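So the sequences go chain by chain: A and B.
The opening residue of the first sequence carries number 1 in UniProt numbering; numbering runs sequentially from there.
The opening residue of the second sequence carries number 1 in UniProt numbering; numbering runs sequentially from there.
Note that beta-carbon positions come from the ideal geometry of N, C-alpha and C, so glycine has one too.
This structure is a prediction, so every number in the text was calculated from the model and none was measured.
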Amino acid sequence: MDDATKLEQLMDYIMKNCLWQFNSRAKDRRKQNVGVLTKTTQLLCDEPVDNPTPLDKCYWVDAVCLAEAYRERYPWLATMDKTAIKTLMQKLHERLDWLTIDGSLNEELTVQHY
Amino acid sequence: MPYHEFECSKVIPERKQHAVIKGAGEDLTSCLPKGYLNTIPGTISERGCAYCGAKHVIGTPMKDVIHISHGPVGCTYDTWQTKRYISDNNNFQLKYTFATDVKEKHIVFGAEKVLKQNIIEAFKAFPEIKRMTIYQTCATALIGDDIEAVAQEVMDEMPEVDIFVCNSPGFAGPSQSGGHHKINIAWLNQKVGTLEPKITSDYVINYVGEYNIQGDQEVMLDYFHRMGIQVLSTFTGNSSYDDLRGMHRAHLNVLECARSAEYICDELRARYGIPRLDIDGFGFEALGNSLKKVGLFFGIEDRAQAIIDEETAKWKPQLDWYKERLRDKKVCLWPGGSKLWHWAHAIQAEMGVKVVSVYTKFGHQGDMEKGISRCGEGALAIDDPNELENQEAMRMLKPDVIFTGKRPGEVAKKMRVPYLNAHAYHNGPYKGFEGWVRFARDIYNAIYSPIYQLSGLDISKDEIAADKGFVTRRMLSDAGLSDEIKSSPILTEYTGKYDSVTDLRAKTYPEFERKTAASAAE
Ligand code: SF4
Chain A
1 MDDATKLEQL MDYIMKNCLW QFNSRAKDRR KQNVGVLTKT TQLLCDEPVD
51 NPTPLDKCYW VDAVCLAEAY RERYPWLATM DKTAIKTLMQ KLHERLDWLT
101 IDGSLNEELT VQHY
Chain B
1 MPYHEFECSK VIPERKQHAV IKGAGEDLTS CLPKGYLNTI PGTISERGCA
51 YCGAKHVIGT PMKDVIHISH GPVGCTYDTW QTKRYISDNN NFQLKYTFAT
101 DVKEKHIVFG AEKVLKQNII EAFKAFPEIK RMTIYQTCAT ALIGDDIEAV
151 AQEVMDEMPE VDIFVCNSPG FAGPSQSGGH HKINIAWLNQ KVGTLEPKIT
201 SDYVINYVGE YNIQGDQEVM LDYFHRMGIQ VLSTFTGNSS YDDLRGMHRA
251 HLNVLECARS AEYICDELRA RYGIPRLDID GFGFEALGNS LKKVGLFFGI
301 EDRAQAIIDE ETAKWKPQLD WYKERLRDKK VCLWPGGSKL WHWAHAIQAE
351 MGVKVVSVYT KFGHQGDMEK GISRCGEGAL AIDDPNELEN QEAMRMLKPD
401 VIFTGKRPGE VAKKMRVPYL NAHAYHNGPY KGFEGWVRFA RDIYNAIYSP
451 IYQLSGLDIS KDEIAADKGF VTRRMLSDAG LSDEIKSSPI LTEYTGKYDS
501 VTDLRAKTYP EFERKTAASA AE
């Protein structure tokens, strides 16, 4: 399976099942994407995850569920080494930022107030 | 952009930007209709006004409150009773509605006096109720009545009462969504932090954007209580006014309907550092994940897992009975705001139906982002549709069932398309594991109702066979099924009771020991 297909599968799961990537403002979306995907990558690479604040913990719970779903649905993840997983997750992050923030057509993302 | 232009709306060219068909390879950067804009003149919208959004959707589900509209009686009448947000105090908020009954003379001479008189009269008529919400309407906003000042005067004279003022007249936004926004922010600014709640658990949440439609909130509260979680308040279904004043003390905001209530969650996150966790209470997998996430946040995920295992074992075979009979049925998912994304993926994955169209009356582009992501190729997405567009879409897509409100629903019925009430439900609650089976049961009953064979016959000209009865629901649904499925000993129809909520009110829950003496003494 090539990287593009893998990326598509990972993205499809997020878009169909998750809500954390769709906060209403761009600044929050960026924080959510970094928060959840950084921790998901750490979990997939069996690295320790630090949750010093309640907000971190909130990213972490979404990351735990995402990592579990990925492992269960995509057995090819188990055949990848940590560096390859990190590269793939980095691409996923860039793509998600593009779809939900930088390339988004949602005109309310930059509204100043909630 | 894969815009879809309706034949009937060619005379309103701006409408074209409000509908898209998701084609192969399309994503959110190429396929998103406009949203949350003023309705275009010439198109007859199905939207409500901003007063309605504030009062009818968000304010009124609070249960121990006199909800009074400052304006003509029509505003109040049109926002009374049509949403089934029940409560465990004998539905006070549904049974009674109040209005100041503003007339022409008040518009000329001012309506503040009549407002004060009405407030006092209402409190006297219901002496056990000490809390009130007042809603501004168009007429009283335009004459400049100072409702806050009148409310303060009453509170000074009657120190035992507390009053919340919602300044969201009908014109305060393009749709009811403008009112959701206004009341979120007003409640936060005026009331949150004015009462210190009693903390009784190590795990404390607000359950936000949940309106207890036919008991949804009570089903979810049952799960939270079984996990030993204190639900400080629900914003706002079946909730007490005073509970909602203590929202600032929660450890976590669990957000269900982001469309109507994300504003207060975002502000609570910014002002008080309370995290916002978005959840889905609909669908086995999404609900299971939601409970698990709340459990993980507090380190009690084992309690969540126990509920998921128990409920899934009990209800999954019943859900699957319906799934076998609903496969590939075409659905138009046409709700108000949030259900297009709450339901789009879950009904396809867990009930086997196909969503051919999503629409939203008052949603924002953010809702469409979620909805379009969750439905497949070929789906038609429409923002703020009008009735002619709906009819054209139904003729084009030929859906087997429509989930929408009662006004467009009645139109669908006349076109012989079954509809389910997406806002107030048919036989809910639809949240929770059992609720999801009830929803599947209602979909099944709608699609296979024998009435649709009979209603296609015109007795003035069609031949009516007098020697044959109509084909029953079961004969229709089982016609193409294998014997193995038809006679499966595992799959069964819904076995729950007609009323799945009332018993929950008498339920008792295990006491969980608190972690530290210090926290117990809080
Ligand atoms: S638009 Fe104005 S007058 Fe009409 S129901 Fe809404 S508040 Fe009342």
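Check: Best match in B:Tyr-135, B:Tyr-207 and B:Lys-497 for proximity to Gly-268 of chain B [C-alpha to C-alpha]; Outcome: Position check: residue 268 of chain B holds Leu in this sequence, whereas Gly was assumed. For Leu-268 of chain B, the nearest C-alpha among the options comes from B:Tyr-207.
Check: Contact test: Pro-13 of chain B Cβ vs ligand 1 heavy atom, cutoff 8 Å; Outcome: no
Check: Beta carbon nearer than 5 Å to a non-hydrogen atom of ligand 1; Outcome: B:Cys-49, B:Tyr-51, B:Cys-75, B:Thr-137, B:Cys-138 and B:Gly-170
Check: Leu-19 of chain A burial status per 10 Å Cβ neighbour count (16 or more: buried); Outcome: buried
Check: Counterpart residues of Ile-134 of chain B in DSSP-defined beta bridges; Outcome: B:Ile-68 and B:Val-165
Check: Top-ranked residue by Cα proximity to Tyr-70 of chain A, from A:Asp-50, A:Leu-92 and A:Thr-83; Outcome: A:Leu-92
Check: Cut-off 6 Å between Cβ atoms - residues of its own chain near Val-73 of chain B, not counting five sequence neighbours on either side; Outcome: Ala-99 and Asp-101
Check: Where the beta strand (DSSP E) containing Leu-232 of chain B begins and where it ends; Outcome: 230-236
Check: Interface residues of chain B facing Glu-108 of chain A [CB-CB closer than 8 Å]; Outcome: Tyr-36, His-364, Gln-365 and Gly-366
Check: Residue from B:Arg-249, B:Cys-257 and B:Asp-222 with nearest C-alpha to Phe-235 of chain B; Outcome: B:Cys-257
Check: Within-9 Å CB hit, residue 153 of chain A to chain B; Outcome: No answer is possible for residue 153 of chain A: it lies beyond the span of chain A, which begins at 1 and ends at 114.
Check: Touch test, the region 98-113 of chain A against the region 26-38 of chain A, Cβ-Cβ under 8 Å, three pairs minimum; Outcome: yes
Check: Beta-carbon neighbours of Tyr-114 of chain A, restricted to chain B and to distances below 7 Å; Outcome: Tyr-263, Asp-266 and Glu-267
Check: Residue range of the beta strand (DSSP E) that includes Val-254 of chain B; Outcome: 252-255
Check: DSSP state of Leu-32 of chain B mapped onto helix, strand, coil; Outcome: coil
Check: Val-100 of chain B in three-state terms, based on DSSP; Outcome: According to the sequence displayed, residue 100 of chain B carries Thr and not Val. Coil, per DSSP.
Check: Test: Glu-522 of chain B CB closer than 9 Å to a CB of chain A; Outcome: With a pLDDT of 48 at Glu-522 of chain B, under the threshold of 50, the modelled position of that residue is not reliable, and the figure given next carries that caveat. Glu-522 of chain B does not count as touching chain A.
Check: Euclidean distance between Cα positions of residue 524 of chain B and Ser-69 of chain B; Outcome: Not covered by the structure: residue 524 of chain B. The range shown for chain B is 1 to 522.
Check: Helix, strand or coil at Gly-209 of chain B [DSSP, three-state]; Outcome: strand
Check: Distance, Leu-37 of chain B Cα to Gly-170 of chain B Cα; Outcome: 15 Å
Check: Supposed close pair Gly-144 of chain B, Ala-50 of chain B - CB separation, criterion 8 Å; Outcome: Contact flag wrong, Cβ pair sits at about 18 Å.
Check: Contact list for Lys-293 of chain B against chain A, beta-carbon separation under 7 Å; Outcome: Val-61, Asp-62 and Cys-65
Check: Residues near His-56 of chain B by beta carbon distance below 6 Å, same chain, minus five either side; Outcome: Thr-79
Check: Three CB pairs or more closer than 8 Å across the region 360-375 of chain B and the region 324-344 of chain B; Outcome: yes
Check: Endpoints, alpha helix (DSSP H) assigned at Phe-224 of chain B; Outcome: 216-226
Check: CB-CB length for Arg-249 of chain B against Val-294 of chain B, believed under 8 Å; Outcome: Actually they do not touch by this definition, with Cβ atoms about 17 Å apart.
Check: Exposure of Gln-21 of chain A, with buried meaning 16 or more beta-carbon neighbours within 10 Å; Outcome: buried
Check: Tyr-448 of chain B to Ile-402 of chain B span [Cα, whole Å]; Outcome: 13 Å
Check: Pairwise C-alpha distance: Glu-8 of chain A and Asp-2 of chain A; Outcome: 10 Å
Check: Cross-chain neighbours of Trp-54 of chain A in chain B, by beta carbon under 9 Å; Outcome: Note on identity: in this sequence residue 54 of chain A is Pro, with Trp being the wrong assignment. Per Cβ cutoff of 9 Å: His-251, Leu-252, Gly-273, Ile-274, Pro-275 and Phe-297.
Check: Neighbourhood of His-67 of chain B by C-beta distance below 7 Å, restricted to the same chain and skipping five residues each side; Outcome: Lys-55, Gly-59, Thr-60, Gln-93, Thr-97, Phe-98 and Thr-133
Check: Per DSSP, the bridge partner or partners of Cys-332 of chain B; Outcome: B:Ser-357 and B:Ile-402
Check: Local Cβ density within 10 Å of Pro-127 of chain B, reported as buried at 16 or more and exposed below that; Outcome: exposed
Check: Separation of Tyr-359 of chain B from Ile-199 of chain B, as counted between CA atoms; Outcome: 41 Å
Check: Three-pair Cβ contact test at 8 Å for the region 380-399 of chain B versus the region 46-56 of chain A; Outcome: no
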